[in-house]
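Student:
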Amino acid sequence: MKRIKHLLFALILTLSLAVPSSAPFIGTAQTVSAAVKISAEDVVLIKGQTKQLKITGTSKTVKWTSSNQSVASVTAKGKVKAKKKGTALITANAGGRKYKCKVTVQTPSLSNKTASLTAGDAITLKLNGTNQKIIWTSSDNSVVTVNSQGKITAIKAGSATITATVLKKNYSCRITVKNKPAAENPQSGYVWLSATGEKYHKIPNCGRMNPAKARKVTLSEAKAKGYSACSKCF
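In structure tokens:
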């Protein structure tokens, strides 16, 4: 009988030693703390835009602060507002631990707000003050087209709006396009005569002509006086 009791005692002792002492504690303070995080750690905003930040993984009260309220302010509930160009560090204090988000505020500006072009001309618009992706669009591609680099090409007479979109913010330029002027008919237009020589010219500074002494006459008048066309400019 004593032998059986000794065996039972040894079995109970063995089983008690086999159970890890940490088994009843699932989820230590360290594990819970590691689960707490801020919704964003690096944010870029355009002046006037807002961003809602959140702390997840804890039920403790969160205190929000900004390192530079003039650049980016933050409410007691974590709503950030971009106020002027610069950077600010938003800090959330939850239970003595701090979680940070860097906020960069940009103030883009378009190089042109209006432009007048002739059909066939091309210019490039620039959206300065941002390093974010820009999407370019035209309100009427039959009048003006624009590529991904902001280069616009005038197609035909009319008007259209070119829009640069960055971080959901739009910047616009109104483009007016005119048709190319009709080429002057050399048979009925004007020509230029130099002070000396027997040729008539399309421009007043052809070759060695002195523009200050060049004389503008009608083509018919030049022909009537015996002048012939300059081979360089006609």
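Going by our numbering, the sequence shown opens with residue 59, and the numbers climb by one from there.
Backbone N, C-alpha and C define an ideal beta-carbon position, used for all residues, glycine too.
Computed from a predicted model, the values in this text were never measured in an experiment.
When the distance is taken between beta carbons, is Ala212 closer than 7 angstroms to Lys185?
Tutor: Start at 1 with the first residue of the sequence shown, and residue 185 comes out as number 127. Start at 1 with the first residue of the sequence shown, and residue 212 comes out as number 154. The amino acid at residue 185 is misidentified as Lys; the sequence shows Leu. No, the pair does not count as a contact, with Cβ atoms beyond the cut-off.
Student: Please work out which residues of its chain come closer than 8 angstroms, Cβ to Cβ, to Ala180, disregarding the five sequence neighbours upstream and downstream, and give them in chain order.
Tutor: Against the sequence shown, residue 180 aligns to sequence position 122. The answer, listed in chain order, is Lys209, Ile210, Thr211, Ala212.
Student: With 16 other CB atoms within 10 Å as the buried threshold, where does Gly136 fall?
Tutor: Indexing the sequence shown from 1 puts residue 136 at position 78. Flag for Gly136 reads buried.
Student: Cutting at 7 angstroms between CB atoms, please list the residues of its own chain near Lys299, excluding the five before and the five after it.
Tutor: Only positions 59 to 292 of the chain appear in this structure, which leaves residue 299 out of reach.
Student: Consult DSSP for Cys291 and reduce its assignment to one of helix, strand or coil.
Tutor: Working through the sequence shown from its first residue, we reach residue 291 at position 233. Coil at Cys291, not helix or strand.
Student: Can you name the residues that DSSP bridges to Lys95?
Tutor: Counted from its first residue, the sequence shown places residue 95 at position 37. BP columns for Lys95 point to Thr114.
Student: Under DSSP, the beta strand (DSSP E) around Ser200 begins and ends at which residues?
Tutor: Counted from its first residue, the sequence shown places residue 200 at position 142. From DSSP, Ser200 is part of no beta strand (DSSP E); its letter is neither H nor E.
Student: Tell me where the beta strand (DSSP E) around Lys227 begins and ends.
Tutor: For the purposes of this step, residue 227 is taken as residue 169 along the sequence shown, with counting starting at 1. Its beta strand (DSSP E) spans residues 227-236.
Student: Cutting at 8 angstroms between CB atoms, please list the residues of its own chain near Pro191, excluding the five before and the five after it.
Tutor: The count along the sequence shown starts at 1 and reaches residue 191 at position 133. The sequence given here places Lys at residue 191; Pro does not occur at that position. Answer for Lys191: Val224, listed in chain order.
Student: Quick check on Ala253: does DSSP put it in helix, strand or coil?
Tutor: Looking up residue 253 in the sequence shown gives position 195. Three-state result, Ala253: coil.
Student: Which of the three DSSP states is assigned to Leu277 in this structure?
Tutor: Within the sequence shown, the letter at position 219 stands for residue 277. If DSSP states are grouped into helix, strand and coil, Leu277 belongs with the helices.
Student: Can you tell which of Ser131, Ala287, Leu251, Ala215 has the C-alpha that lies nearest to the C-alpha of Pro239?
Tutor: The count along the sequence shown starts at 1 and reaches residue 239 at position 181. Answer by Cα proximity: Ala215.
Student: If Thr165 and Lys105 are in contact, beta carbons under 8 angstroms, what's the gap, nearest whole angstrom?
Tutor: Here residue 165 refers to the residue found at position 107 of the sequence shown. Here residue 105 refers to the residue found at position 47 of the sequence shown. Right, their Cβ atoms sit about 5 angstroms apart.
Student: Excluding the 5 residues flanking Thr188 on each side, which residues of the same chain have their C-beta closer than 6 angstroms to its C-beta?
Tutor: Along the sequence shown, one-based indexing puts residue 188 at 130. Correct list, in chain order: Gln164, Pro166, Val224.
Student: Answer with buried or exposed for Ile220, where buried requires no fewer than 16 other C-beta atoms within 10 angstroms of its C-beta.
Tutor: On the sequence shown, position 162 is the one that residue 220 refers to. Label assigned to Ile220: buried.
Student: State the start and end residues of the unbroken beta strand (DSSP E) segment that holds Leu103.
Tutor: As a position in the sequence shown, residue 103 is number 45, starting the count at 1. Residues 100-104.
Student: By the three-class DSSP mapping on this structure, what secondary structure does Ala282 have?
Tutor: The count along the sequence shown starts at 1 and reaches residue 282 at position 224. Ala282: helix per DSSP, three-state reduction.
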